[in-house]
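Data block below; observations after.
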Amino acid sequence: MTVFVIRRLLQAMLVVFLMSVIVFFGVNIVGDPVYMLVSPDADQADIEAAIRRLGLDRPIWEQYWLFLKGAAQGDLGDSFVFGEPALKLILHHMPATMELAFSALFLAIVIGIPLGLYAGLYPDSPLSKGIMAGSILGFSLPTFWVGLMLIMLFAVELRWVPATGRGDIGSFLGIHSSLFTLDGLSHIFLPALNLALLKISLAIRLTRAGVREAMGQDYVKYARAKGLSTRRIILVHVMKNIMIPVVTVMGLEFGSLIGFSVVTESIFAWPGMGKLLIDAILQLDRPVVVAYLMIIVLFFVLINLIVDILYSILDPRVRLQDQGA
Amino acid sequence: MTAVLEVSGLKTHFFTHAGAVKAVDGVDFTVSKGEVMGLVGESGSGKSITGFSILGLIDPPGRIVDGSIRFNGDEIANAPEERLKSLRGNRISMIFQDPMMTLNPVLRVDTQMIEAILAHENVNRQTAWERSRDALGLVGIPSPEERLQAYPHQLSGGMRQRVAIATAFLNQPDLIIADEPTTALDVTIQAQIIHEAQKLTKRTGTAMIWITHDLAVVAGLADRISVMYAGRIVEQGGIDDVIDRPLHPYTVGLLGSVPTANRRGQRLFQIEGMTPNMFALPEGCAFGPRCQARTAACSEQPQIKDVDGRRLRCFNPQRTEETTL
Amino acid sequence: MTDTVTDHSLTPTKSPKVETPFQRFRAEFFESRIATAALGIFLVIVLLAILAPWITPQNPYDLGQVSVMDGRLPPGSEAFDGYTMWLGSDGSGRDLYSAILYGLRISLTVGLASGVIALLIGMVIGLVAAYAGGRTEAFIMRIVDLQLSFPASLVALMMVAALGKGVDKIILALVIAQWAYYARTVRATALVERGKEYVEAAQCLGISRPRIVFRHILPNCMAPLIVVGTVQTASAISLEATLSFLGVGLPQTEPSIGVLIANGFEYMLSGRYWISVFPGVALLLTVVSINLVGDHLRDVLNPRLKK
Numbered sequence: 001m002t003v004f005v006i007r008r009l010l011q012a013m014l015v016v017f018l019m020s021v022i023v024f025f026g027v028n029i030v031g032d033p034v035y036m037l038v039s040p041d042a043d044q045a046d047i048e049a050a051i052r053r054l055g056l057d058r059p060i061w062e063q064y065w066l067f068l069k070g071a072a073q074g075d076l077g078d079s080f081v082f083g084e085p086a087l088k089l090i091l092h093h094m095p096a097t098m099e100l101a102f103s104a105l106f107l108a109i110v111i112g113i114p115l116g117l118y119a120g121l122y123p124d125s126p127l128s129k130g131i132m133a134g135s136i137l138g139f140s141l142p143t144f145w146v147g148l149m150l151i152m153l154f155a156v157e158l159r160w161v162p163a164t165g166r167g168d169i170g171s172f173l174g175i176h177s178s179l180f181t182l183d184g185l186s187h188i189f190l191p192a193l194n195l196a197l198l199k200i201s202l203a204i205r206l207t208r209a210g211v212r213e214a215m216g217q218d219y220v221k222y223a224r225a226k227g228l229s230t231r232r233i234i235l236v237h238v239m240k241n242i243m244i245p246v247v248t249v250m251g252l253e254f255g256s257l258i259g260f261s262v263v264t265e266s267i268f269a270w271p272g273m274g275k276l277l278i279d280a281i282l283q284l285d286r287p288v289v290v291a292y293l294m295i296i297v298l299f300f301v302l303i304n305l306i307v308d309i310l311y312s313i314l315d316p317r318v319r320l321q322d323q324g325a
Numbered sequence: 001m002t003a004v005l006e007v008s009g010l011k012t013h014f015f016t017h018a019g020a021v022k023a024v025d026g027v028d029f030t031v032s033k034g035e036v037m038g039l040v041g042e043s044g045s046g047k048s049i050t051g052f053s054i055l056g057l058i059d060p061p062g063r064i065v066d067g068s069i070r071f072n073g074d075e076i077a078n079a080p081e082e083r084l085k086s087l088r089g090n091r092i093s094m095i096f097q098d099p100m101m102t103l104n105p106v107l108r109v110d111t112q113m114i115e116a117i118l119a120h121e122n123v124n125r126q127t128a129w130e131r132s133r134d135a136l137g138l139v140g141i142p143s144p145e146e147r148l149q150a151y152p153h154q155l156s157g158g159m160r161q162r163v164a165i166a167t168a169f170l171n172q173p174d175l176i177i178a179d180e181p182t183t184a185l186d187v188t189i190q191a192q193i194i195h196e197a198q199k200l201t202k203r204t205g206t207a208m209i210w211i212t213h214d215l216a217v218v219a220g221l222a223d224r225i226s227v228m229y230a231g232r233i234v235e236q237g238g239i240d241d242v243i244d245r246p247l248h249p250y251t252v253g254l255l256g257s258v259p260t261a262n263r264r265g266q267r268l269f270q271i272e273g274m275t276p277n278m279f280a281l282p283e284g285c286a287f288g289p290r291c292q293a294r295t296a297a298c299s300e301q302p303q304i305k306d307v308d309g310r311r312l313r314c315f316n317p318q319r320t321e322e323t324t325l
Numbered sequence: 001m002t003d004t005v006t007d008h009s010l011t012p013t014k015s016p017k018v019e020t021p022f023q024r025f026r027a028e029f030f031e032s033r034i035a036t037a038a039l040g041i042f043l044v045i046v047l048l049a050i051l052a053p054w055i056t057p058q059n060p061y062d063l064g065q066v067s068v069m070d071g072r073l074p075p076g077s078e079a080f081d082g083y084t085m086w087l088g089s090d091g092s093g094r095d096l097y098s099a100i101l102y103g104l105r106i107s108l109t110v111g112l113a114s115g116v117i118a119l120l121i122g123m124v125i126g127l128v129a130a131y132a133g134g135r136t137e138a139f140i141m142r143i144v145d146l147q148l149s150f151p152a153s154l155v156a157l158m159m160v161a162a163l164g165k166g167v168d169k170i171i172l173a174l175v176i177a178q179w180a181y182y183a184r185t186v187r188a189t190a191l192v193e194r195g196k197e198y199v200e201a202a203q204c205l206g207i208s209r210p211r212i213v214f215r216h217i218l219p220n221c222m223a224p225l226i227v228v229g230t231v232q233t234a235s236a237i238s239l240e241a242t243l244s245f246l247g248v249g250l251p252q253t254e255p256s257i258g259v260l261i262a263n264g265f266e267y268m269l270s271g272r273y274w275i276s277v278f279p280g281v282a283l284l285l286t287v288v289s290i291n292l293v294g295d296h297l298r299d300v301l302n303p304r305l306k307k
């Protein structure tokens, strides 16, 4: 097992390294690097000073080496708009995004999987058909439009929850999060729901497909022939089999939740990484964009790694193979 | 001899988009305590469906449309699901063809055996575990404690089938239906499995229906034999009787198709024609199009009658010299 | 060889119905009333978009026809030039009905174009991988997997950040975001087919690799490609709308549906809902109908679920 983890870690580091190469050379080749890394309203003297300061008059390999050195120390450049280190900015905004992403994932699992289970077991019932229709709507409706509608309905018309912004922050076991206050929960409800909509649909469809496939398998028939109760067949035999693909996909989708949060955060004015990114793109704050890219890459690689490990834990065929059984 | 199972006039039809398939169309047989009945036929003859019908495991679009299935005197055809569940795995067990598909790959062997016991009896886990271990020992599995902890894919094909057999005997059923249990195994393993099954049935007095397409398997194992074709029984009687002196042209053909050393160098015998299309059965005798002994009478559907100490469905019983297998 | 088939023995009295695979597919597809209705709606939308210049009272891009005096009028009001604005007008005085139809043209064009180009590129790459096999294939698939582990929206976002605004750049960004799905579909089919015995048999007969790829793998992956294509197109249209809404997509001069919705955002809270809602409904209908069709296509074309 340890060998497996180490091997995957090494692969992950390789990917991060590769991405850093792509990002760096992409930034330096696609545009004039000086203008990339210098404020748009610098004058000629400033530009020349910047060139020397940023080492852009040196060969590109040396530049990349400096970039790596800086990155390893956590220096990915300073934001034009805020004047602060880009990395620090992003890390500052990360907890808000994490809250949103975890809430959305939670909703997706808690709502999506049971609904998908029902739809898979009783495919002809009217409720199932409704669930499936809902799921199609769920991933067809553009997130931003749903967000708008949610705001209109719940915040403007019904006035049940506030429209935008993040709520008060509470503390629990040393973690600071707006999830721990009632005000925070009321603020996070709409954006989390908005973000979760796509994932709920995905979870429903995944679970249903998994259940339908599993029910047709021989081991289900065999379990019935043994006289097992339907409850046991579904909860133990079927669930354990479909959990594997469901968990892996949902885990991978968590990464996309972070990506998608860009839209939700913009609409609901949620102070997370996504909003930061959009503002940075619109304001041409390139160091922030670069820093965001690197962080995201790191994230995805980590998530992939965790999902792989989870997969090998859940599926005994994979786990025992790796151990050379 | 007490009759454990009495099947009369069983009809199981499938109602598909393309038409109705009369998979089992009027089948009668009796199995007595301690008796092994071989149910022989080619693919599509309805033999497996017969087995599933007995346990009530026919799923839509199929259903038992007619007939009676009496188990220990009680009618169980189309019985309520609760009643059937209490019988399955308990008083009537089933062994399936491919143990790799029928054992759940993500659950351990002990889980799958213990649950078969716990579904029907209120014993504690430890007792159930011990019974499983003993059962594995009975079917000739060495180191049963280790095998219990294993996952199905870690066992060889023969081993898995032994597990299936052991599971079938766990609750000391009155009847075991074995659906082609050796088809997926090597010939040498086949012989072992057949031997184990035979030993156990003799010892426990369990009745058995052994479904197969392979006459050679049945010859040494069964007491009585029923030959099926296109959903009906065409010949039925004591094993030695039928094998030494087959009366139905199909049975003759089956026996003749078995390659033996005595006929080395001669052309392999074949039954002409192809398996019947169940959507478009011919008028009259279903075997007619392929039959060497076909006469004008055969355009009528033959009924099953008592002939020469056995049951036969044919207008033109064959008089052949004694065949040797 | 023996002749197992002799004339007199085989003919059953009833012969089964014979129909071509396409006829069967068509019959099965139209079994679903929902999918048929969705297909109908989508075709109507496309038709409306194509005919836009002829069926709208105003060309919203022609600044000469647009007057800010007409701005923010509710549905049913009369415009300066005398025609009725059935869906109201937006902030700059564009008749919403016209703007939506013109916007649909752009949205559909961008979505379909990027979908088709991505399909072609992805298919070619997938086939190359399947044909080359070995290390080349492994390398290509690694890249595909890497790209697929990032959500399309993020990739598209990054691309527009790098490339800037404009229709062609958006299409390029969308293509880059999508090609990997098609490549993976093709390669997955290739894997399945390669595992089948008839390929082994063909190889034993000495049939060359390109022939195997084109005669066997390609036809088999058409079905899943179509399914992926429909869903991806819907997602591309949706993605473009999202990007435009965020302000990084199409520019104001070529307003797609997303831009229209973005323009209307500020008026939402003041009760002038129609400026965002109507374009939104148009977008919805388009994307949902495509997805319904694609969904049903998937069920119909999936051999495993066949009864």
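Chains as they are written, first to last, in our numbering: chain A, 1 to 325; chain S, 1 to 325; chain G, 1 to 307.
Every residue gets a Cβ at the ideal spot worked out from N, C-alpha and C, and that includes glycine.
Values in this document were obtained by computation on a predicted structure and should not be read as measured data.
Taking 7 angstroms as the cut-off, the Cβ atoms of glycine 272 of chain A and threonine 143 of chain A do not count as close. Cβ-Cβ separation between leucine 284 of chain G and leucine 310 of chain A: approximately 36 angstroms, too far for a contact (criterion under 8 angstroms).
For a Cβ distance threshold of 7 angstroms, nothing in chain G lies close to isoleucine 204 of chain A: the least Cβ distance comes to about 13 angstroms. Look at serine 201 of chain A: its C-beta is not under 7 angstroms from any C-beta on chain G.
Contacts between lysine 85 of chain S and chain A, judged by CB atoms closer than 9 angstroms, involve Arg224, Gly227, Leu228, Ser229, Thr230 in chain order. DSSP, reduced to helix, strand and coil, places glutamate 196 of chain S within a helical segment of the structure shown.
The Cβ neighbour count for tryptophan 61 of chain A, taken over all protein chains shown within 10 Å, is under 16; the residue is labelled exposed. Taking 9 angstroms as the Cβ-Cβ cut-off, the region 210-222 of chain A approaches chain S at Gln217, Asp218, Tyr219, Val220, Lys221, Tyr222, given in chain order. Residues Ser93, Ala168, Thr206, Met208 of the same chain have their beta carbon placed closer than 6 angstroms to that of isoleucine 176 of chain S, with the five preceding and five following residues left out of the count. Assigned with DSSP and collapsed to three states, leucine 250 of chain G falls in coil, not helix or strand. In this structure the region 231-247 of chain A does not lie against the region 143-155 of chain A, because fewer than three pairs of beta carbons, one per stretch, are closer than 8 angstroms. Residues of chain S whose Cβ lies closer than 7 angstroms to the Cβ of aspartate 124 of chain A do not exist, since the nearest Cβ in that chain is about 10 angstroms away. Linking threonine 127 of chain S to valine 246 of chain A through their CA atoms gives a straight-line distance of about 35 angstroms. In the three-state reduction of the DSSP assignment, isoleucine 295 of chain A falls in the helix class. Check the Cα spacing between phenylalanine 279 of chain S and each of S:Lys11, S:Glu6, S:Ala23, S:Ala3: the tightest is with S:Ala23. Residue environment for alanine 118 of chain G: buried (at least 16 other C-beta atoms within 10 angstroms of its C-beta). Rounded to the nearest whole angstrom, the CA to CA distance from isoleucine 100 of chain G to leucine 158 of chain A is 29 angstroms.
Counting along the chain, lysine 240 of chain A sits inside the alpha helix (DSSP H) bounded by residues 239-268. As computed with DSSP, alanine 20 of chain S is found in a beta bridge with S:Phe15. If you check each beta-carbon in the region 87-102 of chain S against every beta-carbon of chain A, the ones closer than 8 angstroms belong to Leu87, Arg88, Gly89, Asn90, Ser93, Met94, Phe96, Asp98, Met101, Thr102. The C-alpha of methionine 228 of chain S is placed about 28 angstroms away from the C-alpha of glycine 158 of chain S. The C-alpha of glutamine 198 of chain S lies about 34 angstroms from the C-alpha of phenylalanine 14 of chain S.
Contact check for leucine 252 of chain A against arginine 8 of chain A fails: the beta carbons are separated by 7 angstroms or more. Relative to alanine 216 of chain S, the option among S:Thr204, S:Asp179, S:Ser257, S:His248 whose CA is nearest is S:Ser257.
Taking C-alpha positions only, serine 135 of chain A is separated from alanine 108 of chain A by approximately 12 angstroms.
Shown in chain order are the members of the region 242-272 of chain A whose Cβ falls below 9 angstroms from a Cβ of chain G: Leu252, Glu253, Gly255, Ser256, Leu257, Ile258, Gly259, Phe260, Val262, Val263, Ser266, Ile267.
Per DSSP, threonine 111 of chain S is one residue of the alpha helix (DSSP H) stretching across 109-118.
Approximately 20 angstroms separates the beta-carbon atoms of glutamate 196 of chain S and isoleucine 239 of chain S; this is outside 8 angstroms, ruling out the contact. Proline 142 of chain S sits exposed, since fewer than 16 C-beta atoms from the chains shown fall within 10 Å of its C-beta.
For leucine 312 of chain S, the enclosing beta strand (DSSP E) has its first and last residue at 310-312. In the DSSP assignment, methionine 94 of chain S falls within the unbroken beta strand (DSSP E) covering 92-95. Between aspartate 295 of chain G and chain A, the shortest Cβ-Cβ separation is below 7 angstroms. Less than 7 angstroms divides the Cβ of lysine 33 of chain S from the Cβ of threonine 2 of chain S.
In summary, the residues of the region 155-173 of chain A whose CB is separated from some CB of chain G by less than 7 angstroms are Val156, in the order they occur in the chain.
Around alanine 223 of chain G, the same chain offers Leu301 as residues with beta carbons nearer than 7 angstroms, after the five sequence neighbours per side are excluded. Residue S:Leu10 holds the alpha-carbon nearest to the alpha-carbon of arginine 63 of chain S among S:Ile189, S:Leu10, S:Phe269, S:Leu148.
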